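Protein chains: 2
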Amino acid sequence: MELSQRQKKILRAVVEEYIDSAEPVGSRTVQQRAALTCSPATIRNELAELTREGYLDQPHTSAGRVPTAKGYRLYVNELMRERELTDDETETINRKLRDRVAQLDKLIENVGHMATELTSYPALTISAAAAVTVKRFDLIYLDQNSFIIVLLLTGDTVKNKLVHLPFSFSQNTLQRLSAVFNASFTGIGEEAITAELIDSTERAAGDTMGLTSVIASFVIETLATAGGGANVSGEANLLKLPEFKDPDKAHRLINYLSDAANLASLPGGTDFGDVKVLIGPENAALELKDSSVVLASYNAGDNMRGIIGVVGPTRMDYSAVAAKLSYIAGGLSKLLAGGAPPSGYGKLMIKGDDK
Amino acid sequence: MELSQRQKKILRAVVEEYIDSAEPVGSRTVQQRAALTCSPATIRNELAELTREGYLDQPHTSAGRVPTAKGYRLYVNELMRERELTDDETETINRKLRDRVAQLDKLIENVGHMATELTSYPALTISAAAAVTVKRFDLIYLDQNSFIIVLLLTGDTVKNKLVHLPFSFSQNTLQRLSAVFNASFTGIGEEAITAELIDSTERAAGDTMGLTSVIASFVIETLATAGGGANVSGEANLLKLPEFKDPDKAHRLINYLSDAANLASLPGGTDFGDVKVLIGPENAALELKDSSVVLASYNAGDNMRGIIGVVGPTRMDYSAVAAKLSYIAGGLSKLLAGGAPPSGYGKLMIKGDDK
DNA sequence: TTTAGCACTCTCCGTTCCCGAGTGCCAACG
DNA sequence: CGTTGGCACTCGGGAACGGAGAGTGCTAAA
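Put into structure tokens, the structure is as follows:
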């Protein structure tokens, strides 16, 4: 059954008022908020109807109305006014995106913090690469006992490790190893690195000291962990909300969030720019059943994509949050797509004169 | 005034009982806990005395006793029995320290998590290097538009950055730059990198394209941020404690902790192996006035040192926490002092067969 | 000096009670 | 017939109250 214009107006007023106040909304309040010309009595009739239809709920007989998940869903799909970001907000986001950091994962983490600050809800970031491989190897000789492994991965992340060994080797050995690894270890995934491959590499390099294993171990470790990562920030913001006045409830949700494995199971596939909203029971995880999650995807180029999102109570300012996340994800995609122009290039950063 | 043997026994019983129960301790309970032969009435007299002397406090006239900061202090200094770690605990710590990670900062972060798990209190880590300098430069040529900067810093951390440029350069140029930077930028602190130095380096390298600035910027950025870092984990554990049943209180403390700048002001100088305990009002920061902090220092070699600690209510199992932190810090020092033996060397890690 | 006894104090918790917000329904109205 | 004012009703929440229990301080006796 289709809702009348007036019913929609009323539903919107209830949702928005409840988002602001966190308290059941009465008929009088709706009248004021929606600037309706009819009387509270009329509104009561409509409220009763909306309640019958499952858009609203009553905590108890003589209380005001509270939106149900169904109510929020309708609100998000149809009633919500697209919220434009203020110049201030876009300016803040742009500025923060501009002074980004050397490492990709730190950058994403920072963006997460930014989302927390802007929405004052906990933010989560998830990044995943379809298949990470090594694009290039380098071994830097330091002295006869130590060298640095430098790996350039797809997605243009660089990983490295300093290795000290209890025996000595020559610069030549390293060069040979470097060549062999570049030949046989590039472009392959973690699963392709078998004991046989390592064996044959060892023979090809004429390595008698086990250097090959050391390097191979690092490659495996790197590929295994470089694939993605999840990060949560600003969990403490939940504690400000009235729905988490019970520390236990907050604790359960925070615990759930801090286990990165849980986040991986969030549904990912949204189009870039699009924002996905999961309201209360629409979440698969039990711990999120009375919270909402707003997600936006970003594109990091080179088969890498990621999600940035926030978690909050079902009573959440969906339009503001969605607008902000969408803008952030868009900005991040743009930033990463451009092949990562050199930071600091052109403007020399001397400490102190930067900001 | 010196406390009698019996008074000390009683004080200890009160502190330990309160640590366990979080509730004011009565005379009968003390009698049982301390296994005293005298009657509750006698103990009441002693409790009254201890209260007069400021070691204990009474929430209200007819309640049991609660230790004051002064009481905890005496307990920590004199009364506390050294807690030996169980084999299980040392085993856990050793195992976790063993499978450490490639990057130093990740390692420290992991150790923080470990401290949280073992003590079930929020853990903090702070690391600081007296003066970070670059020990060695390398520039890896990728193609005519891109290269990787690799910096080996004191403390044997390696930092890197991938640089794409909108114009092309030759492998030769990079080699020349590399040599020049190795000559003039190594061994100097961030503050020594002046515009003049960059200018003269640029001239020495015959660099006409501004590559020098790009690299210098990265060096400055790296030195500025590599100096140290703070990290907090497990804040949510506070929510389990009865003293934080007020979400606001928890929120304030967590907020304080999550601002890394605050942590830097914690007093640092402890001898390695020694553990520093700050009880309630002994803390300088207002936000910590009714919490306690236990800190242990570790030595990361090469002028690097750090602190690992936990934060909890004044009612904290000091002896267990101190023993654990001390052991962790000791293990970490040993691990880092040995010049970081190669991870994975000798035991090849193939995913899946590791644990 | 220790102990038993006792009166006293204070918190905690359950009960009761009232207030007010808000509802549903009904009858009247344009 | 939709809308409106009126009214009785419901229910949660906070204040007020009271008893139970835990623990104390004091006193007097051992």
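Residue numbers (this note's numbering), protein chains in the order written: chain X, -9 to 345; chain R, -9 to 345.
Here a beta-carbon is modelled for each residue, glycine too, at the ideal position from N, C-alpha and C.
Just so it is clear, the structure is predicted and the values come from calculations on it, not from any experiment.
#1: Tell me which residues share the same chain as H103 (chain X) and place their Cβ nearer than 8 angstroms to its Cβ, disregarding the 5 neighbours each side in the sequence.
#2: What do you get for D197 (chain X), buried or exposed, if any count of 16 or more other CB atoms within 10 angstroms of its CB means buried?
#3: Looking at A119 (chain X) and N293 (chain X), is the spacing between their C-beta atoms short of 7 angstroms?
#4: Is the Cβ-Cβ distance between A59 (chain R) and P271 (chain R) less than 7 angstroms?
#5: Quick check: is the beta carbon of P112 (chain R) nearer than 7 angstroms to any beta carbon in chain X?
#6: Would you say the segment 246 to 258 of chain R touches the segment 190 to 209 of chain R, given that touching needs at least three Cβ pairs under 8 angstroms?
#7: On the criterion of 16 or more Cβ atoms from any shown chain inside 10 Å, does T184 (chain X) qualify as buried, or is it exposed?
#8: Are there three or more Cβ pairs, one per stretch, closer than 8 angstroms when the segment 120 to 127 of chain R is compared with the segment 143 to 162 of chain R?
#9: So which residues on chain R does S248 (chain X) lean against when the C-beta distance must stay under 8 angstroms?
#10: Does DSSP classify R85 (chain X) as helix, strand or coil?
#11: Report yes or no: is there a C-beta of chain X within less than 7 angstroms of the C-beta of P257 (chain R)?
#12: Measure the C-alpha to C-alpha separation of E72 (chain R) and V56 (chain R) and round it to an integer number of angstroms.
#13: Would S(-6) (chain R) be called buried (16 or more neighbouring beta carbons within 10 Å of its own) or exposed?
#14: Please state whether DSSP places K324 (chain X) in a helix, a strand or coil.
#15: Counting only C-beta atoms, is K235 (chain X) closer than 7 angstroms to chain R at any point?
#16: If you draw a straight line from the C-alpha of L315 (chain X) to the C-alpha of S11 (chain R), how long is it?
#17: Give me the chain R residues within the contact set of I244 (chain X), using Cβ-Cβ distance strictly less than 7 angstroms, ordered along the chain.
#18: Measuring straight from C-alpha to C-alpha, what distance separates L326 (chain R) and R23 (chain R)?
#19: L187 (chain R) to N150 (chain R), Cα distance in whole Å?
#20: Per DSSP, what kind of secondary structure is N35 (chain X) in: helix, strand or coil?
#21: Identify which residue in X:T163, X:N162, X:S190 has its Cα closest to the Cα of F175 (chain X).
#22: From this set, X:S136, X:F157, X:T147, X:P156, which residue's C-alpha is nearest T147 (chain R)'s C-alpha?
#23: Is it right to say N84 (chain R) is buried, meaning 16 or more other beta carbons lie within 10 angstroms of its own, or is it exposed?
#24: Who are the Cβ neighbours of G177 (chain X) in its own chain at under 6 angstroms, not counting the five residues just before and after it?
#25: Here's the rule: buried if 16 or more other CB atoms are within 10 angstroms of the residue's CB, otherwise exposed. What is N35 (chain R)?
#26: Would you identify the three-state DSSP class for I297 (chain R), choosing helix, strand or coil?
#27: Just how far apart, CA to CA, sit D249 (chain X) and R242 (chain X)?
#28: Just to check my reading of the structure: T109 (chain X) and V300 (chain X) have Cβ atoms closer than 8 angstroms, yes? What is that Cβ distance to the nearest angstrom?
#29: Considering only their Cβ atoms, is the gap separating R305 (chain R) from I9 (chain R) smaller than 7 angstroms?
#30: Could you tell me the distance, in whole angstroms, from the CA atom of G334 (chain X) to the CA atom of L155 (chain R)?
#31: Measure from the alpha carbon of A53 (chain X) to the alpha carbon of each residue in X:L26, X:R63, X:T41, X:L64, then state which is nearest.
#32: Any idea what DSSP makes of S110 (chain X), helix, strand or coil?
#33: Assuming G321 (chain X) contacts L87 (chain X) (C-beta within less than 8 angstroms), just tell me the rounded distance between them.
#34: With a threshold of 7 angstroms between beta-carbons, can D128 (chain R) be considered close to chain X, or not?
According to the structure shown:
#1: Excluding residues within five positions, the ones whose Cβ falls inside 8 angstroms are A113, S223, G224.
#2: Burial call: buried.
#3: Cβ atoms of N293 (chain X) and A119 (chain X): closer than 7 angstroms.
#4: Contact: yes.
#5: No, its Cβ sits nowhere closer than 7 angstroms to a Cβ of chain X.
#6: Result no; under three Cβ-Cβ pairs closer than 8 angstroms.
#7: Flag for T184 (chain X) reads exposed.
#8: Here the segment 120 to 127 of chain R lies against the segment 143 to 162 of chain R, with 3 or more beta-carbon pairs under 8 angstroms apart.
#9: Neighbours of S248 (chain X) on chain R, chain order: A226.
#10: R85 (chain X) sits in a helix when the DSSP states are folded into three classes.
#11: Chain X contact via Cβ: absent.
#12: Cα to Cα, the separation comes out at about 22 angstroms.
#13: Sixteen is the threshold: since fewer than 16 other Cβ atoms of the shown chains lie within 10 Å of the Cβ of S(-6) (chain R), the residue is exposed.
#14: K324 (chain X) sits in a helix when the DSSP states are folded into three classes.
#15: Proximity of K235 (chain X) to chain R, defined by a Cβ-Cβ separation below 7 angstroms, is satisfied.
#16: For L315 (chain X) and S11 (chain R), the distance between alpha carbons rounds to 45 angstroms.
#17: Going along chain R in sequence order, the residues near I244 (chain X) (Cβ under 7 angstroms) are A226.
#18: For L326 (chain R) and R23 (chain R), the gap between their C-alpha atoms comes out near 43 angstroms.
#19: For the pair L187 (chain R) and N150 (chain R), the Cα-to-Cα distance works out to about 22 angstroms.
#20: N35 (chain X): helix per DSSP, three-state reduction.
#21: Comparing Cα positions, the closest option is X:S190.
#22: Out of X:S136, X:F157, X:T147, X:P156, the CA that lies nearest to the CA of T147 (chain R) is found in X:S136.
#23: It counts as exposed.
#24: Excluding sequence neighbours, G177 (chain X) sits near T123.
#25: That one is exposed.
#26: Three-state result, I297 (chain R): strand.
#27: D249 (chain X) and R242 (chain X): Cα-Cα distance of roughly 11 angstroms.
#28: The beta-carbon separation of T109 (chain X) and V300 (chain X), rounded to 5 angstroms, stays under the 8 angstroms limit for a contact.
#29: Contact flag set, yes.
#30: Residue placement at G334 (chain X) is poorly supported in this model, since its pLDDT is 33, which falls under 50; the coordinates still yield a value, given next. Cα to Cα, the separation comes out at about 12 angstroms.
#31: Nearest C-alpha to A53 (chain X): X:T41.
#32: Coil at S110 (chain X), not helix or strand.
#33: Contact between G321 (chain X) and L87 (chain X) holds, with the beta-carbon distance rounding to 5 angstroms and staying under 8 angstroms.
#34: Taking 7 angstroms as the CB threshold, D128 (chain R) lines the interface with chain X.
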